[in-house]
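Residue numbers (the numbering used here): 7 to 792.
Even glycine gets a Cβ: it sits at the ideal position worked out from N, Cα and C.
Given the structure is predicted, the values throughout are model-derived calculations rather than measurements.
Have a look at the structure below before the remarks.
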């Protein structure tokens, strides 16, 4: 989403300088509001909406408002932050509820990461009180360091009205009403208190009282009803059903009950394509229940269930309504209800909109709900209403603006589904605010070190298994595919930290090749728990620290590693070929004639295009160019010590090509085709294991019709006695007639002299060598026919 789209989704057409941060977006979290704030600040700055003389008011010092005020101030804007409370983040400030940055986004990769990973106002999972205290310290440091940021506590918005091209805001303050003019206003006033009904005034989610705690009920069988189908209601349900419930620890436990990524796959089937508020319970029963049973998940959940409560769950629509709550909460609540059914723990399900609540001596009755088709007439000892916040009441001073914004945003959300998705902090936004924070907030003594650390962090890619989705992921400001593609051309060194065993990584060998082939631009490190196995592949591999990257997790993509290594090799080979053409010589072949090099250059340019267009063909051609022993597929290992020999082989292949045409080919043996159905091998390999390639002296050792060898001048393949395998014309039987000695062009004085001599003499020598091959085959065939 670009800056224009972000601004359009944050304001109404009728009030261009008034912005809202997420009041009507679905699935709001503390972290997502911070991301929205950072993206809005960057968009306002990027579009140059705020001029040097402009003043900005940010109304509301919650997660969004405090983060936005800091971000705008770091961008050198004049910002005043207002809040009715005496400190920022008042709502969660004393809460014992767990605040986690990512848990509601499962199965998104990284959803169990405890750290938010923000460049400004960063935090880690903890109770609301702990998180808020830490963020208040961070805000205070920014507030003190930036004179263009002002916080006005104990100021409650009373009215907002246009004043020419600006806006007049009226605040109720300790010393009376105050009127202030601003060119830009950001309304980040939260979402309001939970909606009440009749005699029940629900406790705020962040201020849980003594109802539904982990303590044993004074009288067993205490009755509870939770009404709602959003994350708040489902979390309350989990807390009532699970003994000693703590959200993150239970979530980790639940995900750990599955051996692989079965749960994620089932969730993809259930939720992908489901319309907003669509009833997904049948799909949960069809796709999730068999997995719960197969892996004994229900059996292991049953001992966790509380039996001293009678719980009723009410919802006005489907309890499991797509998009109303997180996928993981849906899955966990469904699993617990099935476990309760098997354990004999009664959980009632009622339906209907709560019209009223009435307290009686027997408890509290809810008007408007039904059990099946019968109106429910019972009462409950404890009532937990989670019907959503009263946004309109919270924004009453800006009621007209809020109504206009809702009317603008509702069709926009419907037409642009991406707007409803959890916002993602892109790398550009992260880097912008990280550098600004270090430059403007860090103390002088540590600033340079922090800048160095930030630069180093940009050049680290981590490969690990995501504990939430049980799949391979990568993390870093650079994608592994981008690093591989650049390889030896990287401007700065990049480090790849591995946290999985080689057998968990299909491209393990290619990753080692990439490291070697990068000419020192890529460093591979292994975490101690997996380093022993990686050392077998790369002796001396460095030690990786524990994962530290706060960049967004993404699926591991190793598909580009192998072709990127080959592309790196092609660049290295081309460099040596071009050097030979420019200098008129190449070691150890020596001098090369200019006319011949002209032919070599022309042929090589054509072959590069052919090879680069077909990665499989290029891989096979290059692996034979590098290695002769291919019993197990053995491509170039990344050793630059072999590049010159391989480049010389290329030069000799291209030189021979100008007389005897070749084409690259993918076959079981060899890498060149010629004469319709014949196969040749062109290679720079000099040894097979620890033996020189000259150890191969029989035609069947090679299995090809011609050899072009740049690293040996001693290969002598004898022409054995015997018969060809079948008869026929030369053009169609050369594959079968493999028992004659092949044509050989190798690094001998004879061939070096002709490489340096007249082009016509070179062509004549090549023609004679291949004519001799055909004569040997003719002799064999004639012997068969007699």
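- Taken through DSSP and simplified to helix, strand or coil, residue 627 comes out as helix.
- Per the coordinates, the alpha-carbon of residue 594 lies some 13 Å from the alpha-carbon of residue 583.
- Only residues of its own chain outside the window of five on either side were considered, and among them 127 have a CB closer than 6 Å to the CB of residue 144, listed in chain order.
- Following the DSSP letters along the chain, one finds residue 316 inside the beta strand (DSSP E) bounded by residues 315–321.
- Measuring C-alpha to C-alpha distances from residue 307 to each of 323, 347, 178, 315 identifies 347 as the nearest.
- Taking C-alpha positions only, residue 393 is separated from residue 173 by approximately 34 Å.
- In the structure shown, residue 529 adopts extended strand secondary structure according to DSSP, grouped into three states.
- At least 8 Å separates the beta-carbon of residue 320 from that of residue 286.
- Residue 372 and residue 511 have their C-alpha atoms spaced approximately 56 Å apart.
- Nearest Cα to residue 685 within the set 695, 414, 338, 670: 670.
- For residue 515, the enclosing alpha helix (DSSP H) stretches over residues 514–523.
- In the three-state DSSP reduction, residue 282 falls in the coil class, being neither helix nor strand.
- DSSP lists 320 as the bridge partner or partners of residue 356.
- The C-alpha of residue 527 is placed about 8 Å away from the C-alpha of residue 497.
- The Cβ atoms of residue 328 and residue 282 sit closer than 8 Å to each other.
- For residue 18, no beta strand (DSSP E) run applies, since DSSP gives it neither H nor E.
- In this structure, the CA atom of residue 441 is about 28 Å from the CA atom of residue 505.
- Judged by their CB atoms, residue 436 and residue 168 are not nearer to each other than the 8 Å cut-off.
- Under the 10 Å beta carbon count, residue 207 is surrounded by fewer than 16 other beta carbons and is classified as exposed.
- The DSSP-derived three-state label of residue 616 is helix.
- In this structure, the alpha-carbon of residue 91 lies about 14 Å from that of residue 164.
- Sequence-distant Cβ neighbours of residue 137 in its own chain, meaning closer than 6 Å and more than five residues away, are 105, 129.
- Secondary structure of residue 86 (DSSP, three-state): strand.
- Residue 176 and residue 188 have their C-alpha atoms spaced approximately 11 Å apart.
- Each residue's CA atom was taken as its position, placing residue 20 and residue 622 some 58 Å apart.
- Counted as a single uninterrupted DSSP element, the alpha helix (DSSP H) harbouring residue 569 occupies residues 567–589.
- By the Cβ criterion, the region 446–455 is not in contact with the region 27–41, since fewer than three pairs of Cβ atoms, one from each stretch, lie closer than 8 Å.
- Of the candidates 565, 699, 683, 716, the residue whose Cα lies closest to the Cα of residue 655 is 716.
- Per DSSP, the beta-bridge partners of residue 363 are 372.
- Excluding residues up to 5 positions away in sequence, 239, 242, 243, 319, 390 lie with their Cβ nearer than 6 Å to the Cβ of residue 232 in the same chain.
- The C-beta separation of residue 70 from residue 40 comes to about 7 Å, placing the pair in contact by the 8 Å criterion.
- With contact defined as three or more Cβ pairs closer than 8 Å, the region 345–361 and the region 53–66 are not in contact.
- The beta carbon of residue 570 is closer than 7 Å to those of 490, 491, 493, 520 in its chain, skipping five residues each way along the sequence.
- Residues of the same chain with a CB within less than 8 Å of the CB of residue 769, apart from the 5 flanking positions on each side, are 664, 665 in chain order.
- Of the residues 747, 554, 565, the one whose Cα lies closest to the Cα of residue 119 is 554.
- With contact defined as three or more Cβ pairs closer than 8 Å, the region 699–715 and the region 638–649 are not in contact.
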